[in-house]
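Everything below concerns the one structure shown next.
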Amino acid sequence: MSDWCDCFNFGISITKQASEQHKDVRVKSSSADLVTETDERVENLLISAIRNRYPLHRFIGEESVAAGEHLELTDTPTWIIDPIDGTVNFVHRFPFVAISIAFTVNKQTEFGIVYSCVEDKLFCAQRGGGAFLNGEPLHVSGQEDISRCLVVTEIGAERDDLALSIMTSNIFRLLTLPVHGVRALGTAAVDMCQVATGGADVYYHIGMHCWDIAASAIIVQEAGGVVMDTDGSQFDMMSRRVIAASSLVVAGRVADMIQAFPCRRDDEQPV
Amino acid sequence: MADQWQNAMDHAVAIARKAGEVVREALRGDRKVMTKSSSIDLVTQTDQKVEQLIIQSVKERFPAHRFIGEESVAAGEPCDLTDQPTWIIDPIDGTTNFVHAFPFVAVSIGFCVDKKVEFGVVYSCLEDKMFVARRGRGAFCNGEPLKVSDQEDIKRSIVVTEFGSNRDPDAVDRIFSSLRKIVCLPVHGVRSAGTAAINLCLVASGSVEAYYEIGIHVWDVAAGSLMVTEAGGVLLDVEGGDVDLMSRRIVAANNRAVAGQIIRQLNVFSPPRDDTLPSHE
């Protein structure tokens, strides 16, 4: 267990270092090319720092996978990394951009770190150790009444007709329950952390990747919340579907109401 | 050249900051929630307290000035914009966010003379961001000048909008139909922070290219609307004509090119105007 504490503390320090890279690029300009460069640079920085200290550990990183690395979660200690969650936000200087790092052993998440860089908010949790924001303990709202819930999700990330229809009809169904409101900040990691703080009661999304949510999932759980698949079954970070909620009741209610669209699993072998 | 409204503006900034402290203090405790026109049109004692705080302090300094305040109007005061110097106040823009402690809550104060907004103050309390705009003299956030984005292509734009608190099925249908068309343009993304005042400041800051909504009130947008124009942006009605702050409809964008592309997608409707006399039942 103490080994994972070392990893956790190390994870926090390299996260903070990596966020300096975000600032560097923002000052210059913003184009899609530059963003990809920053994504890669930050991810490489994180991976080489970790490899240096823990040579036997494995990695699942957004940019490495994009470059063709095989994505498979094994029992080996594994770091799951998103160097810039909220890429569109980053390009526009819309102030929600996060570095997300989760660490698994035997396929179980041992800790998660989400650093919302512009806000300077560090969310983190270790399994069994609670969740924190800048050192202050976090608790979900505990809300059990769906009609008093504030819902967070993503809008407009879809590009095909079916996904778009399902996305809008999901929001429509929830909105007209009614719920108190629907919000969207543009990064799964930060959006999910709003559930952990109690500032929102439920987050759901279909289509994001394991690196977007692995860290915030344990943060929500350690804040007393519930994480599950959109069909109500057990959360599976490779499924590309998640509900994170203040209570089992609310999570279940949302699972009943929303539909998913088909998404290839993150760990599916390419054809 | 001396600015005859400088004192009023300084007062607005000071009282907005004070109001922000009241909001932050209230967030540390429980918030008792009431409803207004429907089960999701929320209001709290803090809304009412903050509005009174602002109105009282302004009345002491400027006894001849008039007011349009969200909670006063809810309590039966007329929503009547004359040529007189008028303070248009939303004590807590983002009340639903406030109830939940979702981090976007703003105090919004717009000041009109001859029915024109002379200055606007939006204090985003939890971010500690003081947005200020003075007609003809620019817009600022914590002293730094604001400038809209120079993006002309809607396909590379972020659009902000809200679903609002109107659950009338026809209105909701139109809201969703507009949203679908906007998303399909496609745009880079759609965001919802939950407060019109802050959404307008996001346009003024250049973080998003446009904001549109049907259903807001004059107190939500009076201050933020000046923020957008002073940062170089444009305001239009959802059908493309001149904006009318009492019409409950607004499109705010970095430029006419982007605004036009949004307007073409909107399925519009007309909520009862803010300056409509209430019907007596």
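Keeping their order, the protein sequence lines are chains A and B. Heads up: the first sequence begins at 744 in our numbering, then just goes up one per residue. Heads up: the second sequence begins at 382 in our numbering, then just goes up one per residue. Cβ coordinates follow ideal geometry from the N, Cα and C atoms, glycine included.
- Item | Residues that B:P484 contacts on chain A, provided the C-beta gap is smaller than 9 Å | Reading the second sequence from its first residue, position 103 is the one you call residue 484 of chain B. Those are E862, Q937, T940, G942, listed as they occur along chain A.
- Item | Outcome for B:R629 when other beta-carbon atoms lying within 10 angstroms are tallied against a minimum of 16 | The sequence position of residue 629 of chain B within the second sequence is 248, counting from 1. Of the residues assessed, B:R629 falls on the buried side of the cut-off, its CB having 16 or more other CB atoms within 10 angstroms.
- Message: Considering only the alpha carbon of each residue, which of A:R794, A:F1004, A:R984 lies closest to A:L905?
- Response: What you label residue 905 of chain A is simply residue 162 of the first sequence in a count that begins at 1. Its Cα nearest to that of A:L905, the residue A:F1004 stands out among A:R794, A:F1004, A:R984.
- Message: Along the stretch 538-553 of chain B, where does the CB come closer than 7 Å to a CB of chain A? Name the residues.
- Response: Listed by position, the residues of the stretch 538-553 of chain B near chain A (Cβ gap below 7 Å) are I539, F544, R548, V553.
- Spatial neighbours of B:A585 in its chain, beta-carbon cut-off 6 Å, leaving aside the 5 residues before and after: Within the second sequence, numbered from 1, the residue matching residue 585 of chain B stands at position 204. These residues qualify, in order along the chain: A520, L527, M608, V609, A612.
- Please report how far the alpha carbon of A:A932 lies from the alpha carbon of A:V970, in whole angstroms. Working through the first sequence from its first residue, we reach residue 932 of chain A at position 189. Working through the first sequence from its first residue, we reach residue 970 of chain A at position 227. Straight across, the Cα-Cα distance linking A:A932 with A:V970 is about 13 Å.
- Query: Where does B:D479 sit, in a helix, a strand or coil, going by DSSP?
  - Reply: Locating residue 479 of chain B in the second sequence gives position 98, counting from the first residue. First, the amino acid is wrong: residue 479 of chain B is Phe here, not Asp. The answer is helix: DSSP assigns B:F479 an H, G or I state.
- Message: Under 7 Å, CB to CB, which of the residues in the stretch 861-883 of chain A have a partner in chain B?
- Response: Within the stretch 861-883 of chain A, no residue has its Cβ closer than 7 Å to any Cβ of chain B.
- Task: Give the straight-line distance between the Cα atoms of B:A389 and B:F483, rounded to the nearest whole angstrom.
- Result: Numbered from its first residue, the second sequence carries residue 389 of chain B at position 8. Numbered from its first residue, the second sequence carries residue 483 of chain B at position 102. Separation of B:A389 and B:F483 (C-alpha to C-alpha, rounded to the nearest whole angstrom) is 31 Å.
- What residues in the stretch 828-847 of chain A have a beta carbon less than 8 Å from any beta carbon of chain B? Taken in chain order, the members of the stretch 828-847 of chain A whose beta-carbon sits within less than 8 Å of a beta-carbon on chain B are V831, N832, V834, H835, R836, F837, P838.
- Which stretch, first to last residue, makes up the beta strand (DSSP E) that contains A:D979? For the purposes of this step, residue 979 of chain A is taken as the residue at position 236 of the first sequence. Premise fails: A:D979 is in no beta strand (DSSP E) and is neither H nor E.
- Residues of chain A with CB under 7 Å from B:I421, in chain order? Here residue 421 of chain B refers to the residue found at position 40 when the second sequence is read from its first residue. For B:I421, the residues of chain A that pass the 7 Å Cβ criterion are P921, H923, in the order they occur in the chain.
- CA-to-CA distance, A:E806 to A:D782, given in whole angstroms: Mapped onto the first sequence, residue 782 of chain A falls at position 39. Mapped onto the first sequence, residue 806 of chain A falls at position 63. Cα to Cα, the separation comes out at about 7 Å.
- Query: Does A:T973 have its Cβ less than 9 Å from a Cβ in chain B?
  - Reply: Walking along the first sequence from the start, residue 973 of chain A turns up at place 230. Not one beta carbon of chain B lies nearer than 9 Å to the beta carbon of A:T973.
- Would you mind reading off the limits of the alpha helix (DSSP H) that contains B:K562? Your numbering for residue 562 of chain B matches position 181 in the second sequence. B:K562 -> alpha helix (DSSP H) spans 550-564.
- Could you check how far apart the C-beta atoms of B:K536 and B:C522 are, in whole angstroms? I think they sit under 8 Å. What you label residue 536 of chain B is simply residue 155 of the second sequence in a count that begins at 1. What you label residue 522 of chain B is simply residue 141 of the second sequence in a count that begins at 1. Between B:K536 and B:C522 a beta carbon distance of about 27 Å is seen, past the 8 Å cut, so the two are scored as non-contacting.
- Considering only residues of the stretch 825-905 of chain A, which uninterrupted beta strand (DSSP E) runs meet the minimum length of 3 residues and lie entirely inside it, listed in chain order? Counting only runs that start and end inside the stretch 825-905 of chain A, the beta strand (DSSP E) elements of at least 3 residues fall at 841-848, 851-859, 864-869, 874-876, 893-895.
- Item | Selection of the stretch 892-912 of chain A by Cβ proximity to chain B, strictly under 9 Å | Cβ contacts with chain B come from C892, L893, V895, E897, I898, G899, A900, E901, R902, D904, L907, S908, M910, T911, S912.
- Query: By Cβ distance, which residues of its chain are closer than 7 Å to A:V770, with the 5 residues on each side in sequence left out?
  - Reply: Here residue 770 of chain A is taken as the residue at index 27 of the first sequence, counted from 1. Confidence at A:V770 is low in this model, with a pLDDT of 43, below 50, so the placement of that residue should be treated as unreliable; the coordinate-derived value is given next. Within the same chain, A:V770 has no close Cβ partners at all.
- Task: Determine the DSSP secondary structure at B:A574, reduced to helix, strand or coil.
- Result: Taking the first residue of the second sequence as position 1, residue 574 of chain B is located at position 193. The answer is coil: DSSP assigns B:A574 none of H, G, I, E or B.
- In chain A, what lies closer than 7 Å to B:R516 by C-beta? Your numbering for residue 516 of chain B matches position 135 in the second sequence. The contacting residues do not exist; B:R516 stays about 26 Å from chain A at best.
- Query: Going along chain A in order, which residues have a C-beta closer than 7 Å to the C-beta of B:T477?
  - Reply: Here the question's residue 477 of chain B lines up with position 96 in the second sequence. Result: L893, H923, G924.
- Message: Please tell me whether A:G885 has its Cβ less than 9 Å away from any Cβ of chain B.
- Response: Along the first sequence, one-based indexing puts residue 885 of chain A at 142. Chain B, which has no Cβ nearer than 9 Å to the Cβ of A:G885, makes this no.
- Query: Does the distance from the C-beta atom of B:I643 to that of B:I579 stay below 9 Å?
  - Reply: As a working note, residue 643 of chain B is residue 262 in the second sequence. As a working note, residue 579 of chain B is residue 198 in the second sequence. At a Cβ-Cβ threshold of 9 Å, B:I643 and B:I579 do not count as neighbours.
- CB B:L581 to CB B:V602, shorter than 9 Å? One-based indexing of the second sequence puts residue 581 of chain B at position 200. One-based indexing of the second sequence puts residue 602 of chain B at position 221. B:L581 places its beta carbon less than 9 Å from that of B:V602.
- Kindly list, in the order they appear in chain A, the residues whose Cβ is closer than 9 Å to that of B:A574. Numbered from its first residue, the second sequence carries residue 574 of chain B at position 193. Ordered by position in chain A, the residues that pass the 9 Å Cβ test against B:A574 are R926, A927, L928.
- Other residues of its chain near A:R1008: CB distance less than 8 Å, five sequence neighbours each side excluded: Within the first sequence, numbered from 1, the residue matching residue 1008 of chain A stands at position 265. So the qualifying residues of the chain are M981, S982, R983.
- Task: Enumerate in chain order the residues of its own chain whose CB-to-CB distance from A:I790 is below 8 Å, with the five nearest sequence positions on each side excluded.
- Result: Here residue 790 of chain A is taken as the residue at index 47 of the first sequence, counted from 1. Counting only Cβ-Cβ distances below 8 Å, and skipping sequence neighbours, we find F802, G804, S807, W822, I824.
- Item | Local Cβ density within 10 Å of B:N478, reported as buried at 16 or more and exposed below that | Position 97 of the second sequence holds residue 478 of chain B. B:N478 should be labelled buried.
- Message: I'd like to know whether the C-beta atoms of B:I396 and B:L434 end up nearer to each other than 9 Å.
- Response: Against the second sequence, residue 396 of chain B aligns to sequence position 15. Against the second sequence, residue 434 of chain B aligns to sequence position 53. With contacts defined as CB atoms closer than 9 Å, B:I396 and B:L434 qualify as a contacting pair.
- Determine the closest residue to B:S538 out of B:R572, B:I556, B:P653, B:Q429, with distance taken between C-alpha atoms. Within the second sequence, the letter at position 157 stands for residue 538 of chain B. Out of B:R572, B:I556, B:P653, B:Q429, the CA that lies nearest to the CA of B:S538 is found in B:R572.
- Task: Report yes or no: is there a C-beta of chain B within less than 9 Å of the C-beta of A:S772?
- Result: Locating residue 772 of chain A in the first sequence gives position 29, counting from the first residue. Because the pLDDT of A:S772 is 44, which lies under 50, any placement of that residue in the model is unreliable, and the number read from its coordinates should be weighed accordingly. Cβ-Cβ to chain B under 9 Å: no for A:S772.
- Item | Range covered by the beta strand (DSSP E) that runs through B:S505 | Position 124 of the second sequence holds residue 505 of chain B. DSSP places B:S505 inside the beta strand (DSSP E), whose first and last residues are 497-505.
- State the start and end residues of the unbroken alpha helix (DSSP H) segment that holds A:L814. To locate residue 814 of chain A, count along the first sequence from 1; it is residue 71. No residue range can be given for A:L814, since it is assigned to no alpha helix (DSSP H) and is classified by DSSP as neither H nor E.
- Grab the span of the alpha helix (DSSP H) containing B:E508 for me, first residue to last. On the second sequence, position 127 is the one that residue 508 of chain B refers to. Where B:E508 is concerned, there is no enclosing alpha helix (DSSP H), given that its DSSP letter is neither H nor E.
- Message: Relative to the C-alpha of B:F485, which candidate in B:E406, B:R412, B:I473 has its C-alpha closest?
- Response: Here residue 485 of chain B refers to the residue found at position 104 when the second sequence is read from its first residue. Ranked by Cα distance from B:F485, the options B:E406, B:R412, B:I473 are led by B:I473.
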